[in-house]
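Per numbering that gives the first Met the number 0: the sequence shown = residues 0 to 308.
We treat Cβ as the ideally placed atom computed from N, Cα and C, and that holds for glycine.
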Amino acid sequence: MGDMITTSEQQIPLAKRIRAHIELADPITWISPAMICICGALASGTATGFQWWNGAHWGLILLGALMTGPLGTGFSQSINDYYDREIDAINDPTRPIPAGLVSLNGARANWFFLGFATFLVSLIFKDAMITALAVFGIILSVLYSMPPIKFKKNYLLGPPAVGIGYVTVSWMVGHIIFAPITWQSITVAMINGGLTAGMLVLNDIKSVEGDRQHGLKSLAVAIGVQPALLVAYTIINLCEILFLVLAVMWGNYWVAAFIAFAVIAPIYSQIKLYNDASHKNFMRYLIATNPFVALIQIVSAFLVGGYFG
Numbered sequence: 000m001g002d003m004i005t006t007s008e009q010q011i012p013l014a015k016r017i018r019a020h021i022e023l024a025d026p027i028t029w030i031s032p033a034m035i036c037i038c039g040a041l042a043s044g045t046a047t048g049f050q051w052w053n054g055a056h057w058g059l060i061l062l063g064a065l066m067t068g069p070l071g072t073g074f075s076q077s078i079n080d081y082y083d084r085e086i087d088a089i090n091d092p093t094r095p096i097p098a099g100l101v102s103l104n105g106a107r108a109n110w111f112f113l114g115f116a117t118f119l120v121s122l123i124f125k126d127a128m129i130t131a132l133a134v135f136g137i138i139l140s141v142l143y144s145m146p147p148i149k150f151k152k153n154y155l156l157g158p159p160a161v162g163i164g165y166v167t168v169s170w171m172v173g174h175i176i177f178a179p180i181t182w183q184s185i186t187v188a189m190i191n192g193g194l195t196a197g198m199l200v201l202n203d204i205k206s207v208e209g210d211r212q213h214g215l216k217s218l219a220v221a222i223g224v225q226p227a228l229l230v231a232y233t234i235i236n237l238c239e240i241l242f243l244v245l246a247v248m249w250g251n252y253w254v255a256a257f258i259a260f261a262v263i264a265p266i267y268s269q270i271k272l273y274n275d276a277s278h279k280n281f282m283r284y285l286i287a288t289n290p291f292v293a294l295i296q297i298v299s300a301f302l303v304g305g306y307f308g
């Protein structure tokens, strides 16, 4: 496909162009990986890892959050918008590329800058594992979005790729900045990645029509909306139950009780969404679930870091 933008970027006011380039990197998506990177730092523990009273440590973790959030995740979103421009023209025509606010050349420059900046920031830590994780995240983002591989086209590959790239990698980066990674931290990072994969299966439901037209085989396209909801619920609840089991095994019963409540609380909105997969019920479910998901991720970091005794 050629450059679908006929209006030159130079004809658009500078402030509007800057906003469009920021929007291309989708700032709302930066929050979760940046927060997860901080969770990984907390999981390193205060004895030999992250020390919340140490100003230099806060500088390092904010740099890690910058790398995994605005830069790394921004790269992922920008390159995804570039390769999904035809789908966005149907599902979300207000996005910067289909709206004509960013040309294809401008979009390529956007994601190249963000990817290169991610790599450069990783070098500041002077740790080969952090740089390797940053490069792995960049490659995973490319494979997720770029044809012909395009993990996003396959429901067996797309959600796990996002869970690993956004969450597992970000968590491990945060931990490794301050201390060698532990098996407990890797386990929790993987479960959190699975939780995110389940949320992505759920999220794909809202774009099922555009995905179907352009051959993106999301789970909702492959098996239908209601069966896909059941799969998403199962993945999300199973990951939360695994956290509950870990909390019990590690003797933190009040954490286990909180996670049990987090599993039970959204059940009503799950049923409502299953019976009527409308946008209103979808948003209600997200409102009921997302705060618990975020709290579980934070609590799991404190659990691994030994903050609960």
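Where residue i falls: helix, strand or coil (DSSP)
i, result
"asparagine 153", "strand"
"lysine 125", "coil"
"methionine 0", "Because the pLDDT of methionine 0 is 42, which lies under 50, any placement of that residue in the model is unreliable, and the question is left without a value."
"valine 244", "helix"
"glycine 44", "coil"
"serine 299", "helix"
"glutamine 50", "coil"
"valine 224", "helix"
"threonine 6", "Annotation note: pLDDT 49 at threonine 6 (below 50); position unreliable, no value reported."
"alanine 88", "helix"
Rounded straight-line distance, which links the Cα of residue j to that of residue i
i, j, result
"tyrosine 306", "glycine 44", "7 Å"
"valine 220", "lysine 125", "44 Å"
"lysine 149", "alanine 160", "11 Å"
"glycine 71", "isoleucine 137", "7 Å"
"aspartate 87", "glutamate 208", "11 Å"
"glutamine 183", "glutamine 296", "14 Å"
"valine 101", "glycine 114", "18 Å"
"valine 292", "leucine 194", "8 Å"
"serine 206", "asparagine 109", "25 Å"
"methionine 3", "isoleucine 123", "Here the model assigns methionine 3 a pLDDT of 44, short of 50, so the residue's position is not dependable, and the following value carries that caveat. Looking at the two C-alpha atoms, the distance is approximately 38 Å."
"glycine 304", "serine 169", "16 Å"
"glutamine 225", "valine 200", "12 Å"
"proline 146", "glycine 162", "20 Å"
"valine 262", "glutamine 10", "51 Å"
"leucine 23", "arginine 107", "11 Å"
"tryptophan 56", "valine 187", "Tryptophan is not the amino acid found at residue 56; the sequence shown has histidine there. Rounded to the nearest angstrom, the two C-alpha atoms are 22 Å apart."
"asparagine 236", "leucine 243", "10 Å"
"glutamine 76", "tyrosine 252", "39 Å"
"isoleucine 35", "histidine 278", "28 Å"
"glutamine 212", "isoleucine 89", "9 Å"
"isoleucine 53", "glycine 192", "Per the sequence presented here, residue 53 reads as asparagine, with isoleucine not at that position. Near 29 Å, if we compare the C-alpha coordinates of glycine 192 and asparagine 53."
"tryptophan 51", "proline 12", "43 Å"
"tyrosine 273", "arginine 283", "12 Å"
"leucine 245", "valine 254", "10 Å"
"valine 247", "leucine 241", "10 Å"
"threonine 93", "asparagine 289", "25 Å"
Proximity to residue i [Cα-Cα], best of the options
i, options, result
"glutamate 85", "Thr72, Val120 and Gly99", "Gly99"
"glycine 73", "Ala46, Phe111 and Ser217", "Phe111"
"glycine 250", "Ala55, Leu302, Lys216 and Ile297", "Leu302"
"glycine 173", "Met282, Gly114, Ser121 and Thr28", "Ser121"
"threonine 167", "Ile27, Ala33, Pro12 and Leu23", "Ala33"
"phenylalanine 257", "Ala24, Trp170 and Glu239", "Glu239"
"alanine 46", "Ala178, Ala231 and Thr233", "Ala178"
"leucine 229", "Ala246, Asn202, Tyr143 and Glu22", "Asn202"
"aspartate 275", "Val254, Ile204 and Val247", "Ile204"
"methionine 66", "Ile129, Ile266, Ile78 and Ser144", "Ile129"
"threonine 233", "Met248, Ala255, Gly197 and Asp210", "Gly197"
"glycine 157", "Asn79, Val247, Leu13 and Asp91", "Asn79"
"phenylalanine 135", "Arg107, Lys151, Met171 and Ile35", "Met171"
"tyrosine 143", "Tyr82, Ala55, Met282 and Ala127", "Tyr82"
"glycine 39", "Thr117, Ile180, Pro97 and Ala127", "Ile180"
"lysine 151", "Asn191, Lys216 and Ala246", "Lys216"
"proline 95", "Asn289, Leu59, Asp25 and Tyr154", "Asp25"
"glycine 68", "Met189, Ile37, Ile30 and Leu132", "Ile30"
"isoleucine 190", "Leu103, Ala300 and Leu13", "Ala300"
"valine 298", "Ile37, Gly58, Asp210 and Leu285", "Ile37"
Whole-number beta carbon distance between residue j and residue i, since they are thought to touch under 8 Å
i, j, result
"phenylalanine 49", "leucine 41", "6 Å"
"alanine 264", "alanine 287", "7 Å"
"leucine 139", "glycine 105", "24 Å between Cβ atoms; not a contact."
"glycine 63", "isoleucine 176", "5 Å"
"alanine 133", "phenylalanine 118", "6 Å"
Beta-bridge pairing of residue i - partner residues as DSSP gives them
i, result
"lysine 216", "Asn153"
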